[in-house]
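Peer 1:
In my numbering, the protein residues as written are 2 to 178.
1. So does the segment 81-100 actually touch the segment 18-28, counting three or more Cβ pairs closer than 8 Å?
2. For residue 137 and residue 49, what's the separation of their Cα atoms in angstroms?
3. State the Cα-Cα distance for the pair residue 30 and residue 103, rounded to the nearest angstrom.
4. Does DSSP put residue 81 in a helix, in a strand, or in coil?
5. With 16 as the cutoff for other CB atoms within 10 Å, does residue 145 come out buried or exposed?
6. Where does residue 71 fall in DSSP's three states?
7. Residue 133 bridges to which residues according to DSSP?
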């Protein structure tokens, strides 16, 4: 089962990207083939409906999302919304990449838990005909501390991630084409 993780931060040590790496490692223990698309490293051009881009990073992202059985979208929460780099990346894709696929939304927020960004991601997923996983992962405050091996330092956060990922994997198995 192929899972694409789109890490939507433009920050080198972003906690949302650290969480994505942890999610990827957990998914690999569940026999998933995981591809992490880190938007800090994978620079995507600004979206314009007037320009057809042949950017190699953009093509790689599109191919990876299209081939995936399930997708994880992760973002920091900025001003109550997903990051601009994630929104820009999502503007480049559509039905061909999400139709009928289960999508898990993930957020990391410096303040209160990032509910607004998660709700907005779920709206985007609905509009590209993806299937929102009814569970999500959101970390904030002290939950954003990771151990040297990349796992969340907080046991409750690890337990919540494990339960959510079990649910997500079950849904992907059910809905994959």
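Cβ coordinates follow ideal geometry from the N, Cα and C atoms, glycine included. Predicted, not measured: the structure shown is a model, and the values here were computed from it.
Peer 2: Straight from the coordinates:
1. Judged by Cβ distances under 8 Å, the segment 81-100 makes no contact with the segment 18-28, as fewer than three pairs qualify.
2. Here residue 137 refers to the residue found at position 136 of the chain shown. Here residue 49 refers to the residue found at position 48 of the chain shown. Taking the straight line joining both Cα atoms gives about 30 Å.
3. On the chain shown, residue 30 is found 29 positions in, with the first residue counted as 1. On the chain shown, residue 103 is found 102 positions in, with the first residue counted as 1. About 19 Å.
4. Mapped onto the chain shown, residue 81 falls at position 80. Residue 81: coil per DSSP, three-state reduction.
5. The count along the chain shown starts at 1 and reaches residue 145 at position 144. Buried.
6. By one-based count along the chain shown, residue 71 stands at place 70. Here DSSP, grouped into helix, strand and coil, assigns residue 71 to strand.
7. As a first step, residue 133 is located in the chain shown; it is residue number 132 there, counting from the start. DSSP links residue 133 through a beta bridge to 104.
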